[in-house]
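One structure below.
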Amino acid sequence: QATGPLYVSLHVDTSLSMAGEPIRNVMEQCTEMLQTVQRIEKTSLTSLAAFDTKYNQIFADVQVQHVNFQAISAHVMTMAAYGGGTALYDAIMQGINSVKEHYASNKAAGLNYFLAMFTDGEDNRSSHTLEAVMQALRRPGFPNFHFLVISAGLNLASRATLDRMVERAQHCTHLPAESTSRSDLSRVFKRFTQMIEEILSIRRKPHGPSVLPSILQSAAGDLNTALSNGRIIQSARRNRAPSASRGRAHSPEAPQRRGRSISRRRS
Numbered sequence: 002q003a004t005g006p007l008y009v010s011l012h013v014d015t016s017l018s019m020a021g022e023p024i025r026n027v028m029e030q031c032t033e034m035l036q037t038v039q040r041i042e043k044t045s046l047t048s049l050a051a052f053d054t055k056y057n058q059i060f061a062d063v064q065v066q067h068v069n070f071q072a073i074s075a076h077v078m079t080m081a082a083y084g085g086g087t088a089l090y091d092a093i094m095q096g097i098n099s100v101k102e103h104y105a106s107n108k109a110a111g112l113n114y115f116l117a118m119f120t121d122g123e124d125n126r127s128s129h130t131l132e133a134v135m136q137a138l139r140r141p142g143f144p145n146f147h148f149l150v151i152s153a154g155l156n157l158a159s160r161a162t163l164d165r166m167v168e169r170a171q172h173c174t175h176l177p178a179e180s181t182s183r184s185d186l187s188r189v190f191k192r193f194t195q196m197i198e199e200i201l202s203i204r205r206k207p208h209g210p211s212v213l214p215s216i217l218q219s220a221a222g223d224l225n226t227a228l229s230n231g232r233i234i235q236s237a238r239r240n241r242a243p244s245a246s247r248g249r250a251h252s253p254e255a256p257q258r259r260g261r262s263i264s265r266r267r268s
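Read in order, the letters of the sequence shown are residues 2 to 268 in my numbering.
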């Protein structure tokens, strides 16, 4: 069991369908979740990437205490106004690779990695296949890896595709919301925050088996049961590692303290 800080890698869908209120609501929920992490353990690390047809790294390897939430949210909301399609699978693969690169340089830090994706649509632009993503999630190539995909407003077939994507990996789960409304997203992100809190709690108890897989499965099961009844119900650090890279934000929208990879857009 990892005993180092938490690293939350967030990926937000900025395809054109997310423009306006949807992306505003998502960034509001991401902000609240990270503020909770900050209150619990301010040296935890986070990164943020946006994806549509392309992949755009907003910032990476930043302690949550140094994130300018308001500026970052405004920046991402602007991006959604010009978004394209949804290359979800490519974004997942890029996210896994980015976390893997970070782990390779910071093995001694004992970090817990949590890769989280948000999307309001099924993949329609990726070069990677669903099968390739499933294999990568089952064998990410580094320890202490947890994956979550939050979806909103998907039809049953699209929701089933994401369920299939995570079903064979115990460290992965899918939490569906009915829509991108503030109330629907709030319910799902509260479950996300609960998972984060559980990881931080478990991290302080290095002895004994991890109970996180059962937590993830319980969260997904409760939400899917509620969704099947036509509604969603609410139930239930990197303190910078010694070898970590340092950098500085290059735009006013990005954090003004430690970090790397500001607004790096990839095809």
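We put the CB at the ideal spot given by N, CA and C, even for glycine.
- For A51, collect the residues of the same chain with a Cβ closer than 7 Å to its Cβ; drop the 5 residues on either side in sequence, then sort them by chain order. Answer for A51: V13, T15, N57, I59, V77, M80, listed in chain order.
- Item | Of the residues Q71, N113, A137, M19, the one placed nearest T44, counting alpha carbons only | It is N113 whose Cα lies nearest to the Cα of T44.
- Message: Helix, strand or coil, according to DSSP, for T194 in the structure here?
- Response: It is helical.
- Query: Cα separation between R85 and P23?
  - Reply: According to the sequence displayed, residue 85 carries Gly and not Arg. So the alpha carbons of these two residues sit roughly 15 Å apart.
- Give the DSSP-derived three-state secondary structure of V13 in the structure shown. In the three-state reduction of the DSSP assignment, V13 falls in the strand class, which pools E and B.
- Could you work out which residue in F148, T87, F119, K101 is closest to K55 when comparing CA atoms only? Of F148, T87, F119, K101, the smallest CA-CA separation from K55 is found for T87.
- Determine the DSSP secondary structure at L116, reduced to helix, strand or coil. Residue state, collapsed to three classes: strand.
- Near the ligand MN: N57 beta-carbon under 7 Å from a heavy atom: What this structure holds is no ligand at all, so the ligand MN is not there to describe.
- Entirely enclosed alpha helix (DSSP H) segments - the region 19–46, minimum 4 residues: Taken in chain order, the complete alpha helix (DSSP H) segments of 4 residues or longer contained in the region 19–46 are 22–41.
- Item | Exposure of Q64, with buried meaning 16 or more beta-carbon neighbours within 10 Å | So Q64 counts as buried.
- Task: With distances taken Cα to Cα, identify the nearest neighbour of S18 among Y83, S99, L138.
- Result: Nearest to S18 by C-alpha distance, out of Y83, S99, L138, is Y83.
- Query: Does the region 116–129 come close enough to the region 154–163 that 3 or more CB-CB pairs lie under 8 Å?
  - Reply: Counting Cβ pairs under 8 Å, three or more are found: they touch.
- Item | With 16 other Cβ atoms within 10 Å as the buried cut-off, status of S252 | With a pLDDT of only 40 at S252, under 50, the local geometry of the prediction cannot be trusted, and no value is derived from it.
- Select from E132, Y104, R188 the residue whose C-alpha is nearest the C-alpha of D91. Out of E132, Y104, R188, E132 has the C-alpha closest to the C-alpha of D91.
- Message: When you compare the CB positions of A285 and S187, do they come within less than 8 Å of one another, or not?
- Response: Any answer about residue 285 is impossible in this case: the structure gives the chain only from 2 up to 268.
- H103, DSSP secondary structure in three states: Correct three-state label for H103: helix.
- Ends of the beta strand (DSSP E) at D62? Residues 56–64.
- Query: Taking C-alpha atoms, which residue in L138, E33, M135 lies nearest to R192?
  - Reply: For the options L138, E33, M135, the alpha carbon positioned closest to that of R192 is the one of E33.
- Name the two residues that bound the continuous beta strand (DSSP E) containing L176. Segment 173–178, the beta strand (DSSP E) holding L176.
- Task: Thinking L155 and P177 are a contact (beta carbons under 8 Å), I'd like their distance in whole angstroms, please.
- Result: Contact between L155 and P177 holds, since their C-beta atoms are separated by about 6 Å, short of 8 Å.
- Query: In whole angstroms, what separates the C-alpha of N145 from that of A170?
  - Reply: Cα to Cα, N145 sits roughly 13 Å from A170.
- Task: Buried or exposed for Q71, please, with buried defined as at least 16 other CB atoms from any protein chain shown within 10 angstroms of its CB.
- Result: Q71 is exposed by the Cβ-count criterion.
- Task: Write down the C-beta distance between H175 and H147 rounded to the nearest angstrom, noting that I regard them as a contact closer than 8 Å.
- Result: The Cβ separation is near 13 Å, so there is no contact.
- Item | Three-state secondary structure assigned by DSSP to I234 | Note that I234 has pLDDT 27, beneath the 50 cutoff, so the model's placement of it is unreliable and the number below is only indicative. In the structure shown, I234 sits in coil (DSSP, three-state: anything other than H, G, I, E or B).
- Message: Is it buried or exposed, E42, if we count other Cβ atoms within 10 angstroms and call 16 or more buried?
- Response: Classification for E42: buried.
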